[in-house]
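Take a look at the structure set out below.
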Amino acid sequence: MSIVMLRHFVSVLLSSRWSNAVYPATYADPYLNTDAGTMSPFEHGEVFVLDDGGEVDLDLGNYERFLDIKLTRDNNITTGKIYQSVINKERRGDYLGKTVQVVPHITDAIQEWIERVAMIPVDGKQGPADVCVIELGGTIGDIESMPFIEALGQFSYRVGPGNFCLVHVSLVPVLKAVGEPKTKPTQHSVRGLRGLGLTPNILACRSDKPLDISIKEKLSVFCHVPVANIINLHDVVNIWHIPLLLKEQKAHEALLKLLNLQGCAREPMLEEWMGRAKLYDMLHDTVRIAMVGKYTGLSDSYLSVLKALLHASVACRRKLVVDWVPSSDLEETAAEEAPEAYKAAWRVLKGADGILVPGGFGDRGVQGKILAAKYARENKIPYLGICLGMQIAVIEFARSVMNLREANSTEFDPDTTAPVVIFMPEGSKTHMGGTMRLGSRRTFFTVADCKSAKLYGKVSFVDERHRHRYEVNPNMVPEFEKAGLAFVGKDETGKRMEIIELPSHPYYVGVQFHPEFKSRPGKPSAVFLGLIAASSRQLDAWLQASGGQLSPPVQQHAHSNGYSRIYRNGSLKKPAVNSLVNGGSFHSNGNNGVHVVKHSTQPTRQASLLSVSDLRSIHPSFVALGRSIDGGGEVQPSLFAHSAIFRWPHAPCFLRLVAGRGGGVLRCVGGRRSADHPIEEKSAPGTVLLNDPFGVFFSIITRSSINPSSFWPDF
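As numbered in mature numbering (1 follows the signal peptide of the UniProt record, and there is no 0), residues -28 to -1, 1 to 687 make up the sequence shown, in order.
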C-alpha cells in the first residue's frame, strides 16, 4: 500500500494513470469536534453531507467532485473521533489496565484508522487501493496536530521508503512593494516540519505568479528538496487548469518515482480536464444569479452551491456571475438603518437573471429571503430554493397567495397560528450533532409531466442528500395544492414533501434536499441546470423540442466534456457526434464566427426541419444576420430549406460540408490548417445543426465518428 499526502489535484493526476485502481481519500482535521455538523459556516465553511449521512469538512466535497467518487464518514478523521474511539476502548477494558497515553495509543489509533479506510473502495470497484491520499489540515506548529504528525512519522518509518511520499504545501508570498517572492516562510515551515520528524519529499509552492528557476534552486538548497521535486502552484484563470499545470511540471513523474510505481502507470490522460479548461476560457455570454443568503460574508459557506452553479452554467455555455445579496439587507428595517445597503441589495436582486435561496438555519434574514422569493414569483424570475429556500417559498406563498398572514415555520415562531413548516417528529430538540434527517434519501415523483421530472430524465425517483430538521406541514398540503402550488416530489411514505413547483411560472422550484452535493463537472445537478437554463432563456426550448425530456449529458469524444445535443424532428437524441441538415452545405465568408447553412434544392432530399426562429430559441447564440453571402439572395428565416446566416461567436475555425447524394466532404477552411475528410451521410430526415461541446467544430453522423484532432491536431 503506497501512501501519498497531497491535495485533490494530485489525486486527479494519479487517478488518470490507472484504469482499474481506486483512490480512497482521507482528510485528517485536528479539531476536537466529532464532525463538522455543529460548526459555524463563518468559521469553517460549509458542512458537506455524504451519502451515509456523514457531516464532514468541505474538502471532502472537493475530493468527491474532482475524482467523481463517493466517500464515507470514515474518510474524515478528527481528533474528536480518535479520542472518542480510544476512550471507548479504555471503558471496555481493551487496554487491560494500561495507562492510556497519546503515544502510543492515540498515534496507533490514527494509523489503524488510516489503514482500515484505505482498504475500502470508494468508486464502486472491488479490491484494495493502489494509492491512498491523505490530507492533514492545519499549519505546522499547531498544538492540536502534533499527534497526527507523530503518527505519520511512525507510519512512514514502518512502511519504509517507496511506500510513503510527503508533499508539503507552502505559500511563497510576493511583497507588492518590491515584487520579489519571499522564500523564508517556506524555509521556516520545512525546518519546523523536519524538527517534528517528517521530511518533505516534494514541495508544492503556492504563489500569485510563476516562480523563476532561481527561486526553486534557493528553496532546494535550504529545504533539502531536489529542484525537480519543487512544484509551483501559481494562480490560473480557472481551477481546471491545475491538473494540467501539475502535469506540465512533471509532478506525476516525481510522485511515481518516489513510490516506485513508474512501471505500473501510463501517461496521465487529461483530455477531459483540458477540454473543461478550454471550454471555460471561451465562454463570454454571462448569466447572473443572485445568491440570497445569511452567510454571504464567506463564499466557502456555500462552496458546493457555487460549484453546482458553475457546472450548470458551463453546460449551458454561459459564464457564471454570482451576485451576493445579504438577505437582511432586503428587509424594511435595513431601509431605515442602512439605506445604502438596502438600495444596493435590491438593485442587485432586480438585475439578476435568476435567484437562488440556499439552505441555512436561524431567523436572521428570513424576512429578506421571503421578499426575494416573492419578487421572483411575481416577476417571473427563475427561482431555486434549497432546503430552507424551499420552506421560504412555501411560507411566502401561504402569506401572499393564500392570505395566511401569520404563516410561518415553527423554527422562527413556535406559537404561529399557521404552521406551514414544522419540526420533524423524529428530530431531537436537546442534541444538535447528528440528529437531523441526514444522508441520501429517495424522492419519488408524483407528477410525471413537471419540470423537475423532465430535468432528471423522466425517472420515477431520485436519490439526493438531505440535511434538515423541519419539513412542510403535511396537513396543509391539500390547501396549498388547491391554491396552485404543486408538490411534485415526495418521500417513500408520501407524507414528506420533497419538491415543489409553481406550474404557471417559467421556473419556480424548491427542493428539500441538497442537490449541490452530488453535482459534478460534466454532470451538473438537474435542478441547477434548470435554473441556469431558465435564467438564460433556454429551458423552455429544450423541454419543448425534446418532447418533454431533457436527456442526460453524453460525452462525445476524447476532447469533450460538455453536452452535445441534436434535435431530430422535435426529439432530443443521444448522438455519437453532432449533425448537420440533410443535403446541406456549410459555407464561410472568412470572418470569424459567421457561417451559412444552405439546404439542397433536390426534391428527393427535402426534409421537414425546424425554423430559424426555433433554432434560435434552442440556442440563443445562433443569430440570423439577414442576408446570405454566397449569392443566394435575401434570407428567408421561416424555413430552414432556404439560405440563412448564423453567427457563432466562439468558433475559431470554419468548416464546410460539401454534400451530395449519399455522401460528401467535410472541409476545414479556417483555423490551423485545411483538410478534406470524405464522409458517408447517415443522418435521418429532420436533423438540424447544433453546437458541439466546445463550439469549435461541427461533424456529421456517420458510420464512424470523425475525430476533431484529425483536422485540428493542435486543439
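The C-beta atom is built at its ideal place from N, Cα and C for all residues, glycine as well.
To the nearest angstrom, report how far apart residue i and residue j are at their CA atoms.
i           : j    : result
V293        : G17  : 21 angstroms
residue 690 : P215 : Residue 690 lies beyond the stretch modelled for the chain, which goes from -28 to 687, so this question has no answer here.
N201        : I174 : 5 angstroms
S12         : G26  : 16 angstroms
H256        : G167 : 50 angstroms
F136        : L39  : 21 angstroms
D378        : Q98  : It should be pointed out that residue 378 corresponds to Glu in this sequence rather than to Asp. Distance between the alpha carbons of E378 and Q98: 55 angstroms.
M(-28)      : A420 : In this prediction, M(-28) has a pLDDT of 42, which is less than 50 and means its spatial position is unreliable; nothing more can be read from the coordinates.
T10         : R409 : 14 angstroms
P93         : V19  : 23 angstroms
Y55         : D31  : 22 angstroms
C248        : V141 : According to the sequence provided, residue 248 is Arg. The question's Cys does not apply to it. Rounded to whole angstroms, R248 to V141 spans 25 angstroms at the Cα level.
V264        : N210 : 24 angstroms
Y347        : E368 : 10 angstroms
L242        : V89  : 27 angstroms
L108        : A280 : 26 angstroms
V568        : A287 : Annotation note: pLDDT 30 at V568 (below 50); position unreliable, coordinate value reported separately. Looking at the two C-alpha atoms, the distance is approximately 25 angstroms.
L233        : V297 : 50 angstroms
T407        : E398 : 9 angstroms
residue 693 : Y479 : The first residue shown for the chain is -28 and the last is 687, placing residue 693 beyond what the model contains.
S57         : D253 : 48 angstroms
K181        : E152 : 11 angstroms
Under the three-state reduction of DSSP, which class applies to residue i: helix, strand or coil?
i           : result
C288        : coil
F384        : coil
C422        : coil
residue 695 : Shown here, the chain extends from -28 to 687; a query on residue 695 therefore has no answer.
R336        : coil
L43         : coil
T(-3)       : strand
D80         : helix
M469        : strand
V197        : coil
V329        : strand
Y274        : helix
A379        : strand
H403        : coil
I86         : helix
E308        : helix
A208        : Residue identity check: residue 208 is Val in the sequence provided, not Ala. Coil at V208, not helix or strand.
V607        : Note on V607: pLDDT 30, under 50, position unreliable in the model; the coordinate value appears next. Coil.
For the beta strand (DSSP E) that contains residue i, what are its first and last residues?
i           : result
F416        : 409 to 417
M241        : Per DSSP, M241 belongs to no beta strand (DSSP E) and is neither H nor E.
residue 740 : Residue numbering for the chain in the displayed model covers -28 to 687; residue 740 lies beyond these limits and cannot be assessed.
R439        : 433 to 440
T258        : 258 to 265
A390        : 390 to 395
I214        : Run containing I214: none in the beta strand (DSSP E); it sits in the alpha helix (DSSP H), 214 to 220.
A223        : Unbroken run through A223 is the alpha helix (DSSP H), 223 to 230; no beta strand (DSSP E).
Does the beta-carbon distance from residue i to residue j come in below 8 angstroms?
i           : j     : result
D29         : N48   : yes
D207        : R260  : no
K154        : L147  : yes
V366        : T382  : no
A370        : A345  : no
G332        : H486  : no
residue 694 : F395  : Residue 694 is absent from the model: the chain starts at -28 and stops at 687.
V444        : Q339  : no
R414        : H438  : no
V483        : I358  : yes
Y176        : L205  : Here residue 176 turns out to be Ala, not Tyr, going by the sequence shown. Yes, the pair counts as a contact, with Cβ atoms nearer than the cut-off.
G52         : T(-3) : no
I203        : L165  : no
G494        : S276  : no
F194        : Q221  : no
Determine the extent of the alpha helix (DSSP H) in which residue i is found, giving its start and end residues.
i    : result
F38  : 30 to 39
G26  : Taken as a continuous stretch (DSSP letters only), G26 belongs to no alpha helix (DSSP H), as it is neither H nor E.
G125 : 118 to 131
K454 : 449 to 455
G167 : 156 to 167
L321 : 311 to 322
F369 : 360 to 372
Closer than 7 angstroms to a non-hydrogen atom of the ligand MN - does that hold for the CB of residue i?
i   : result
G33 : In the structure on display, the ligand MN does not appear, and there are no ligands present to speak of.
Would you be able to state if there are at least three C-beta pairs under 8 angstroms between the segment 470 to 487 and the segment 452 to 461?
yes
Validate contact between the segment 502 to 510 and the segment 308 to 327 using beta carbons, cut 8 angstroms, 3 pairs
Short answer: they touch.
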